[in-house]
Structures are given as structure tokens and as C-alpha cells.
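Peer 1: One structure, as C-alpha cells, below. Some questions next.
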């Protein structure tokens with residue numbers, strides 16, 4: 018594999034960040050609890066917030082932090098300083 022130029026690395030990091038953000042948003046949407054959300058407020062239901070609301074926040078935070086960790090690792094790997102031989 019040939020060495021990438023700095024501009025190519027920047028494009029790869031930005032594109033992977035966009036791709037990971039879309040993936041994280043899609044996963045969060047697919048795993049979302051369908052317990053009414055905004056429309057289940059007090060006048061329309063007996064419970065203000067469903068019992069799963071706290072778990073949903075932690076799951077979404079975990080997914081976003083995981084995607085951010087992968088993106089940061091990729092960026093650090095792409096922009097590392099080359100080793101000097103000698």
C-alpha cells in the first residue's frame with residue numbers, strides 16, 4: 018500500500034466520521050424504545066416518562082461514545098508520525 022498524502026488522510030477521516038455518525042444514528046433509531054416518546058406526556062398517558070427512558074439515554078451515549086472512540090483511533094492511526102529508519 019502506498020503512503021497517503023495529508024489531504025487524502027483528511028478526506029478519509031472526514032468521510033469515516035460521517036459514515037460512523039450515520040451508522041450510530043441508524044443503530045440508535047433501530048434500537049429506540051417505541052413507548053410513545055414525546056407523545057406520551059401526562060395528558061395522554063398515566064406515566065410521564067416510561068421506565069426505559071434512563072436505559073435509552075445510557076445506550077445512546079454508549080453507541081455515540083463507541084463511534085467516537087473508533088473515529089478517534091482511526092484519525093490517530095492515519096496521522097501518526099512515520100518511523101525514521103536509521
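Numbering (this note's numbering), first residue to last: 18 to 103. Just so you know, even glycine gets a beta-carbon here, dropped at the ideal spot from N, CA and C. What you are looking at is a predicted structure, and each value in this text was computed from that prediction instead of being measured.
Where does residue 86 sit, in a helix, a strand or coil, going by DSSP?
Peer 2: Helix.
Peer 1: In the DSSP assignment, find the unbroken alpha helix (DSSP H) run with residue 40 in it and report its ends.
Peer 2: 23-47 is the span of the alpha helix (DSSP H), which, as asked, contains residue 40.
Peer 1: Between residue 86 and residue 28, what straight-line distance do the alpha-carbon atoms span, to the nearest angstrom?
Peer 2: Roughly 18 angstroms between the two C-alpha positions.
Peer 1: Could you tell me how far apart the beta carbons of residue 37 and residue 92 are, in whole angstroms, since I believe they sit closer than 8 angstroms?
Peer 2: The Cβ separation is near 11 angstroms, so there is no contact.
Peer 1: Using the beta-carbon count (16 or more within 10 Å), is residue 41 buried or exposed?
Peer 2: Classification of residue 41: buried, given that the 10 Å Cβ count is 16 or more.
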